[in-house]
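Residue numbers (my numbering), protein chains in the order written: chain A, 1023 to 1144; chain B, 2 to 124.
Each residue gets a CB set at the ideal place from its N, CA and C atoms; glycine is no exception.
Since this is a predicted model, take the numbers as computed values, not measurements.
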Amino acid sequence: AQKVTQAQTEISVVEKEDVTLDCVYETRDTTYYLFWYKQPPSGELVFLIRRNSFDEQNEISGRYSWNFQKSTSSFNFTITASQVVDSAVYFCALSEPFLRNSLRGSNYKLTFGKGTLLTVNP
Amino acid sequence: SQTIHQWPATLVQPVGSPLSLECTVEGTSNPNLYWYRQAAGRGLQLLFYSVGIGQISSEVPQNLSASRPQDRQFILSSKKLLLSDSGFYLCAWSVRYQGAATSGSASSYNEQFFGPGTRLTVL
């Protein structure tokens, strides 16, 4: 069964510190997709990144970077020089097809981790 | 551009009362639609998903039901609310995959985009 584990329930840092959010996943699929979402205090989930299972290149977007390691089934997220506005709950998610082994391709649902509450203090 | 709306934003209802939450998507056609609940403790639980009008799949048995009367409208309902139905309800959409898969093309049919949510308190 699909599973996403975010072992860090809460993290608190001081502004300008770097912080890494961990995500470990389990899947029996050979092709899958991993995601990170941000949930600020307003509640709406904001899509941050998608990574597919056949592309292990790390990605950087401004202060955000993602480290995908298939060998350890991990997809970690690092925020460099954190800011107060980064304070939010961050969710890691894993895709699961609606219909497995469909010859016509798949639509997907997501399995989410329980989230990590990041607090950046000034 | 695509937008997703949910209403109401907040709702306080007594136990045993009915519920109707609405979600609509603009700027896209034939989306996949999803309802999630986020209870205390932050985890997101998928409740229902739909790949088309009248097509509803339920993930967990519960006191809720969903309907999709129009292509871009998704409704979450209950006949009698329970205390345990309290939570934050999120609607989401994704592009529906309808063609042959290649290693690259399927990736864009994965992201889900979320609405602002409805905070439901059952007293």
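Sorted by chain position, which residues of the same chain lie with C-beta nearer than 6 Å to T103 (chain B)'s C-beta, five sequence neighbours on each side aside? In this prediction, T103 (chain B) scores a pLDDT of 44, lower than 50, which makes its location untrustworthy; the coordinate-derived value is nonetheless stated afterwards. Cβ neighbours of T103 (chain B) beyond the five flanking positions: none.
Coil, strand or helix - S87 (chain B) by DSSP: Shown here, S87 (chain B) sits in coil according to DSSP, grouped into three states, outside any helix or strand.
Can you give me the C-alpha to C-alpha distance between P1119 (chain A) and V52 (chain B), rounded to a whole angstrom? Taking the straight line joining both Cα atoms gives about 12 Å.
Relative to chain B, which residues along the stretch 1084-1115 of chain A have a C-beta separation below 9 Å, given in chain order? Hits within the stretch, in order: V1111, F1113, A1115.
Note down, in chain order, each residue of its chain lying with its Cβ closer than 6 Å to the Cβ of V1111 (chain A), except the 5 sequence neighbours on either side. Short of 6 Å from the beta carbon of V1111 (chain A), and not among the five residues preceding or following it, lie these beta carbons of its own chain, in chain order: Q1061, G1137, L1139.
If you drop the 5 nearest sequence neighbours on each side, which residues of the same chain put their C-beta closer than 8 Å to that of N111 (chain B)? Around N111 (chain B), the same chain offers S95 as residues with beta carbons nearer than 8 Å, after the five sequence neighbours per side are excluded.
Chain A residues whose Cβ lies nearer than 9 Å to that of V61 (chain B): Result: empty, since nearest Cβ-Cβ is about 13 Å, beyond 9 Å.
By how many angstroms is the C-alpha of S1117 (chain A) removed from the C-alpha of E1048 (chain A)? Cα to Cα, E1048 (chain A) sits roughly 11 Å from S1117 (chain A).
Distance, Cα to Cα, L22 (chain B) vs S85 (chain B)? Between the alpha carbons of L22 (chain B) and S85 (chain B) lies a gap of roughly 16 Å.
Where K1092 (chain A) falls: helix, strand or coil (DSSP): K1092 (chain A): helix per DSSP, three-state reduction.
Alpha carbon to alpha carbon, how far is P70 (chain B) from P1085 (chain A)? Give it in angstroms, no decimals. The sequence shown places Arg at residue 1085 (chain A), not Pro. For R1085 (chain A) and P70 (chain B), the distance between alpha carbons rounds to 43 Å.
Between which two residues does the beta strand (DSSP E) carrying S78 (chain B) extend? Looking at the DSSP string, the run of the beta strand (DSSP E) that includes S78 (chain B) is 74-79.
Quick one: measure Cβ to Cβ for L91 (chain B) and S79 (chain B), integer angstroms, because I've assumed they're closer than 8 Å. Cβ atoms of L91 (chain B) and S79 (chain B) stay farther apart than 8 Å, at about 16 Å.
Compare the C-alpha of A1115 (chain A) against each of A:K1038, A:V1046, A:T1100, A:S1087 and name the closest. The shortest Cα separation from A1115 (chain A) among A:K1038, A:V1046, A:T1100, A:S1087 belongs to A:V1046.
Taking the alpha carbon of I1082 (chain A) as the reference point, which residue from A:F1076, A:S1075, A:F1090 has its own alpha carbon closest? Ranked by Cα distance from I1082 (chain A), the first of A:F1076, A:S1075, A:F1090 is A:F1090.
Please name the residues in the stretch 42-73 of chain B whose beta-carbon is closer than 9 Å to at least one beta-carbon of chain A, in chain order. Cβ contacts with chain A come from G42, R43, G44, L45, Q46, L47, Y50, V52, S58, E60.
Would you identify the three-state DSSP class for S2 (chain B), choosing helix, strand or coil? DSSP places S2 (chain B) in coil when its eight states are reduced to three.
Mind pulling the alpha helix (DSSP H) runs of 4 or more residues that sit fully within the stretch 10-53 of chain B? Entirely contained in the stretch 10-53 of chain B, not one alpha helix (DSSP H) run reaches 4 residues.
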